[in-house]
Amino acid sequence: MTDLPKPPKRPCGSCPYRKDVPSGVWAAEEYAKLPQYDGSTMDQLQAGALGLFMCHQRDGCLCGGWLQTHDTDHLLALRFNPVDESAYGYQSDIPTFGSGREAAEHGMRDIENPGPDAKALMRKIGRLSGVKWADE
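For the record, in the sequence shown the residue sitting at position 30 is 29 according to numbering that gives the first Met the number 0, with numbers rising by one throughout.
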């Protein structure tokens, strides 16, 4: 039997839902996905939010920020995809935004000109992924 996707103990250090992650770390298309899970189940269906939102850094792991920000009882993706029962009612000690829209607005704010903290985090993510920057 295959293990079902599980949440992490806490959202990863670059999670777009975390309030302490700098703006502009992820690509615009990643931030655009976040508000799709905000609405009612019918709104989610119309937005095509049927897939699980997985962690950007942990293979096979559900995004902890996604689970914490959105009401897991009303996430349509959790109704269509089997997950470990620990995903339901997920909470951590990490502050996250109150909605996908808030997280996306924060993330997009500095996307054209990310600050030093965002650039440092992008480099860290790149190193973990094996990406080399032009000046390295």
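Where is the CB? At the ideal position from N, CA and C, for every residue including glycine. Owing to the predicted nature of the structure, the values given are computational and were not obtained by experimental measurement.
Query: E101: first and last residue of the uninterrupted alpha helix (DSSP H) it sits in; Result: 99-108
Query: Endpoints, alpha helix (DSSP H) assigned at E28; Result: 27-32
Query: T40, buried or exposed, once every other Cβ within 10 Å from all chains shown has been counted against 16; Result: exposed
Query: Simplified DSSP state of K123, which is helix, strand or coil; Result: helix
Query: Helix, strand or coil at T95 [DSSP, three-state]; Result: strand
Query: Element boundaries [alpha helix (DSSP H), containing D83]; Result: From DSSP, D83 is part of no alpha helix (DSSP H); its letter is neither H nor E.
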